[in-house]
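Novice: Have a look at this one.
Residue numbers (my numbering): 851 to 1772.
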């Protein structure tokens, strides 16, 4: 809500909506808030704006000033207190370094053994804490094991003696009594074995006896899913944990949120979800704005620790985080199976084609973040993914699922570089797809095929990006169709020859540059052009951004979030907000010389390709809203791209921002030129001449003002009205304009229809049928159908878009303790529930028999501890029960069968067999 101090200000005429005019308006009037907000240094803020207006500003000096402006505010203090002490010290030292001479000192404040180190985030601390705890557990295991085994064996001996007395007194009841002792021991261990395992690892030996007695006082209700074959690790789970995505556009409350570390654990989770009738959806850093996640009362799988994905800021990009992947490229060191990177993987049916000779296959865990992969690729120095998104705080699975992309007309989407997908199917079986015909669906399937665990990508030899960013006048960055299309506030006296030269330059960059991207910060007189090419020559390559510049970018993103969340910012008129963010954004980007705003001023950085693709860090720290559409580029009669539509789409939005003084787009307009896609559900598919990937971004305050969504609708109405010729000599037609799946689009209408309806009935009408057909082919080979996918991996959004009319495959499930028959192909026989244990026998189409292993009963937060029972913990129990059963008594068979990994007669000890008998960490 705009402050009453500014409501009476005259609305500037449209021709005065220039950066200089609005800056002067802010300088003249923002001081009215001084009495109400004494903790915000508004006079210093005015000086900063004055320096920008007079083109006398340097990025780091400007950043120090902004930090000082906000340092006494409640918003700043609260955000600052959440940072680690060493990071606080670094920021303070940076703020005090007015002469800009303490870079080495600042970077050395967190130095450890010669390496740059920023104190770990809560998520990182959690990871290492677990590693330390595991070490302590192992060292204390033998001594503590003797204690608990002695106590348990005593109980077994007492039970055995009781049975012997009963036999003497009543031989005829021996079978019944044996069953009783088996049930007694089974109930004791089934209910309390997990707790005993955790107790062993707690480190408090003195109170072991009292805790053993207390462990019999009931149990919780959260499921416990085994992550290893021994039952020594239980998957982390959180009950009723509220969910929100990074952009705060999606909120719900899944019944359970799991944080897996092994493929076997995910397999068991899906089997359990199948028995219980739950749907399972995954998330990474939650950077999708659309409603593609889980639902209320269903299952969410978080590929990352919850603290990593829920807290802002995230320090991953400035933290030397060990234990995730090997930063030197010498091999994988992480013990989390979903965070592995492996060159030249041995995958059946997969090899390089003739056209791919000289390249490399790389198997990447779905939980590997872009920052981890960037560090690995740069450290390895030999191979790189040719294209990627800018953001480093996203996972491989998160980039792949919604078909994300980079830039450059020669490049397709990131998902087009996938050569194998490994996933857990609807029956809980690990599968791999390598057939190119099937990958057209599987490599961009939104998680509907199953839980993706690993992705094999096609890498190219390492090359080097030669970055030459520029800040030309907006009219010369992407020339308009006519000079009259330029808003009056932005018009300059450019000659026809200058426009012609600028148009040739734009088309050259759009057609041929390796990477091509344009930014316009709202109402800025200049654009920021980031187009560049690559070279194989490493000579002169540097780390870009440098460690110190990475730190500066991170702080810029952090303080940007502090600014936009501050109470003062929320009281400013929209045109002020847009001007402040626009000018601050341009100040932070190279080239940094702003004197006279020289045209065609360039700087050059040569850096490893992954650094060029991820040229900006700290983006994660500032939440934004984002609408993005993919516009097909038509063709000219000479069979070349027609960029008329691209120029029109660009200038239509610039003019929309000048329709009135208070524009809801208060951050930036971004355009990337890219190629097409072979994936069935990619919005770029069929765009033979290229794709204009164009998006608008704003800040959350615009949403609170209920201005953002109506503005998005106006934008879509413009873009959806474009026509062009998609073939030489073809008829002019409405272009197949479609949104980026991961961005905001559900709240708009496209050509008079709700977005969902339009995409299903028009935009993807043929593609949806083809997509379903390919999924059906895969399922026919693997023993499941579309109904299984809908029932296991879909949500309300995808039910409507993809699975409309598909009946969910359901099994018959009775009450606890009753027989359950699953009416799903691939599940044989009956399942008998014993004390909360569901054991379903899976026949995986000729493969070895697998057994579901999970325990539904828990005890409070025990499931969050790495509890479980190791094989030797149960040795004494197994032999004790066996001894009882081998007495001179003929007994009928037990209701529990002896299977690999199962302790006879002890419910809760059925461990799925796997191939990972090692300890796993997060």
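Don't be surprised by glycine CBs; every beta carbon is placed ideally from N, CA and C.
Name the two residues that bound the continuous beta strand (DSSP E) containing residue 1367.
Specialist: Locating residue 1367 in the chain shown gives position 517, where the first residue counts as 1. Residues 1367 to 1371.
Novice: Which same chain residues, not among the five before or five after residue 1273, have their C-beta less than 7 Å away from its C-beta?
Specialist: One-based indexing of the chain shown puts residue 1273 at position 423. The residues are 1281, 1299, 1300, 1301, 1302 and 1303.
Novice: Who are the Cβ neighbours of residue 1570 in its own chain at under 6 Å, not counting the five residues just before and after it?
Specialist: If you number the chain shown from 1, residue 1570 lands on position 720. If we look at residue 1570 and ignore the five residues flanking it on each side, its Cβ neighbours are 1587, 1600 and 1601.
Novice: Pick from 1437, 1485 and 1209: whose alpha carbon is nearest that of residue 1582?
Specialist: The sequence position of residue 1582 within the chain shown is 732, counting from 1. The candidate whose alpha carbon is nearest that of residue 1582 is 1485.
Novice: If you draw a straight line from the alpha carbon of residue 1610 to that of residue 925, how long is it in whole angstroms?
Specialist: Translated into positions along the chain shown, residue 1610 becomes position 760. Translated into positions along the chain shown, residue 925 becomes position 75. Cα-Cα distance, rounded: 44 Å.
Novice: Return the residue from the list 950, 1140 and 1104 that minimises the CA-CA distance to residue 1598.
Specialist: On the chain shown, residue 1598 is found 748 positions in, with the first residue counted as 1. When each option's Cα is compared against that of residue 1598, the closest is 1140.
Novice: Which residues mark the beginning and the end of the alpha helix (DSSP H) in which residue 1382 is found?
Specialist: Along the chain shown, read from residue 1 onward, the residue named residue 1382 stands at position 532. Per DSSP, residue 1382 belongs to no alpha helix (DSSP H); it is in the beta strand (DSSP E), 1382 to 1385.
Novice: Would you list the one or two residues that DSSP bridges to residue 1199?
Specialist: Translated into the one-based positions of the chain shown, residue 1199 becomes position 349. Paired residue(s): none; residue 1199 is not in a bridge.
Novice: Select from 1431, 1380, 1370 and 1476 the residue whose C-alpha is nearest the C-alpha of residue 1454.
Specialist: Position 604 of the chain shown holds residue 1454. The option with the nearest alpha carbon to residue 1454 is 1380.
Novice: Leaving out the 5 sequence neighbours to the left and right, which residues in its chain are closer than 7 Å to residue 1257 when beta-carbon positions are compared?
Specialist: To locate residue 1257, count along the chain shown from 1; it is residue 407. Hits under 7 Å: 1365, 1366, 1367, 1522, 1523 and 1524.
Novice: Residues in the same chain with beta-carbon distance under 7 Å from residue 1621, minus the five sequence neighbours each way, listed in chain order, please.
Specialist: Position 771 of the chain shown holds residue 1621. 1291, 1530, 1531 and 1652.
Novice: Going by beta carbon distance, what residues of the same chain come within less than 8 Å of residue 1407, once the five residues before and after it are set aside?
Specialist: To locate residue 1407, count along the chain shown from 1; it is residue 557. For residue 1407, where only same-chain residues beyond five positions count, the Cβ hits under 8 Å are 1163, 1467, 1468, 1469, 1470, 1471 and 1472.
Novice: Going by the beta-carbon positions, is the gap between residue 1143 and residue 1131 smaller than 8 Å?
Specialist: In the chain shown, the residue the question calls residue 1143 occupies position 293. In the chain shown, the residue the question calls residue 1131 occupies position 281. Cβ atoms of residue 1143 and residue 1131: closer than 8 Å.
Novice: Among 1575, 1078 and 1534, which has the Cα closest to the Cα of residue 1253?
Specialist: Translated into the one-based positions of the chain shown, residue 1253 becomes position 403. Of the candidates 1575, 1078 and 1534, the one whose C-alpha sits nearest the C-alpha of residue 1253 is 1534.
Novice: Rounding to the nearest angstrom, what Cα-Cα distance links residue 1492 and residue 1138 in this structure?
Specialist: For the purposes of this step, residue 1492 is taken as the residue at position 642 of the chain shown. For the purposes of this step, residue 1138 is taken as the residue at position 288 of the chain shown. Cα to Cα, the separation comes out at about 31 Å.
Novice: Considering only C-alpha positions, which residue in the set 1504, 1263, 1259 and 1284 is nearest to residue 1270?
Specialist: Sequence index remark: in the chain shown, residue 1270 carries index 420 (1-based). Residue 1284 is the option with its Cα nearest to residue 1270.
Novice: Would the segment 1320 to 1337 and the segment 1384 to 1396 be scored as touching if the rule is three or more Cβ pairs under 8 Å?
Specialist: Because the criterion of three Cβ pairs below 8 Å is not met, the segment 1320 to 1337 and the segment 1384 to 1396 do not touch.
Novice: Near residue 1198, what residues of its chain come up, given a Cβ to Cβ distance below 6 Å and the 5 sequence neighbours on each side ignored?
Specialist: Against the chain shown, residue 1198 aligns to sequence position 348. There are no such residues.
Novice: Please state if the CB of residue 1220 and the CB of residue 889 are separated by a distance shorter than 8 Å.
Specialist: In the chain shown, residue 889 corresponds to position 39, counting from 1. In the chain shown, residue 1220 corresponds to position 370, counting from 1. Contact flag unset, no.
Novice: Starting from the Cα of residue 825, find the closest Cα among 1373, 1234, 1595 and 1490 and give me that residue.
Specialist: Coverage of the chain is limited to positions 851 through 1772, which leaves residue 825 absent and any answer about it impossible.
Novice: On a CA-only basis, which of 1490, 923, 1107 and 1578 is nearest residue 1085? Give me that one, please.
Specialist: Start at 1 with the first residue of the chain shown, and residue 1085 comes out as number 235. Closest by alpha carbon: 1107.
Novice: Just list the residues that DSSP pairs residue 1101 with in beta bridges.
Specialist: Residue mapping note: residue 1101 aligns to position 251 of the chain shown, counting from 1. 1094, per the DSSP bridge assignment.
Novice: If you draw a straight line from the alpha carbon of residue 1540 to that of residue 1259, how long is it in whole angstroms?
Specialist: The residue labelled residue 1540 in the question sits at position 690 within the chain shown. The residue labelled residue 1259 in the question sits at position 409 within the chain shown. The alpha-carbon atoms of residue 1540 and residue 1259 are separated by roughly 6 Å.
Novice: In or out: residue 1244 buried (at least 16 other Cβ within 10 Å) or exposed?
Specialist: Reading the chain shown from its first residue, position 394 is the one you call residue 1244. Result: buried.
Novice: For residue 1479, write down the residues that DSSP places opposite it in a beta bridge.
Specialist: The residue you call residue 1479 lines up with position 629 of the chain shown. DSSP lists 1544 and 1589 as partners of residue 1479.
Novice: So, helix, strand or coil for residue 1211, using DSSP?
Specialist: Numbered from 1 along the chain shown, position 361 holds the residue referred to as residue 1211. In the structure shown, residue 1211 sits in a strand (DSSP, three-state: E or B).
Novice: CB residue 1409 to CB residue 916, shorter than 8 Å?
Specialist: Translated into positions along the chain shown, residue 1409 becomes position 559. Translated into positions along the chain shown, residue 916 becomes position 66. A contact, by the Cβ cut-off of 8 Å.
Novice: Hey, residue 1431 and residue 1516: beta-carbon distance below 8 Å or not?
Specialist: Counting from one through the chain shown, the residue named residue 1431 turns up at place 581. Counting from one through the chain shown, the residue named residue 1516 turns up at place 666. Taking 8 Å as the Cβ cut-off, residue 1431 and residue 1516 qualify as a contacting pair.
Novice: Return the first residue and the last residue of the alpha helix (DSSP H) that residue 889 is part of.
Specialist: Stepping through the chain shown from its first residue, residue 889 is reached at position 39. Per DSSP, residue 889 belongs to no alpha helix (DSSP H) and is neither H nor E.
Novice: Should the segment 1099 to 1119 be regarded as contacting the segment 1071 to 1086, the criterion being three or more beta carbon pairs within less than 8 Å?
Specialist: With the cut-off at 8 Å, the segment 1099 to 1119 and the segment 1071 to 1086 touch.
Novice: Three or more C-beta pairs closer than 8 Å, one from the segment 873 to 882 and one from the segment 900 to 909: is that the case here?
Specialist: In short, these stretches touch, since the Cβ pair count reaches three.
Novice: Report yes or no: do the segment 1348 to 1363 and the segment 1316 to 1333 share at least 3 C-beta pairs separated by less than 8 Å?
Specialist: Touching, per the Cβ criterion.
Novice: Checking the sheet assignment: what are the DSSP bridge partners for residue 1311?
Specialist: Start at 1 with the first residue of the chain shown, and residue 1311 comes out as number 461. In DSSP, residue 1311 forms a bridge with 1233.
Novice: Mapping DSSP to helix, strand and coil, what is residue 1267?
Specialist: Counting from one through the chain shown, the residue named residue 1267 turns up at place 417. In the structure shown, residue 1267 sits in a helix (DSSP, three-state: H, G or I).
Novice: Can you list, in chain order, the residues of its chain with a C-beta nearer than 6 Å to that of residue 1116? Leave out the 5 residues immediately preceding and following it.
Specialist: Along the chain shown, read from residue 1 onward, the residue named residue 1116 stands at position 266. Excluding positions up to five away in sequence, the list reads 1110, 1274 and 1301.
Novice: Sorted by chain position, which residues of the same chain lie with C-beta nearer than 7 Å to residue 1428's C-beta, five sequence neighbours on each side aside?
Specialist: Residue 1428 sits at position 578 when you count from the first residue of the chain shown. Once the five neighbours on either side are set aside, the close Cβ partners of residue 1428 are 1372, 1373, 1513 and 1516.
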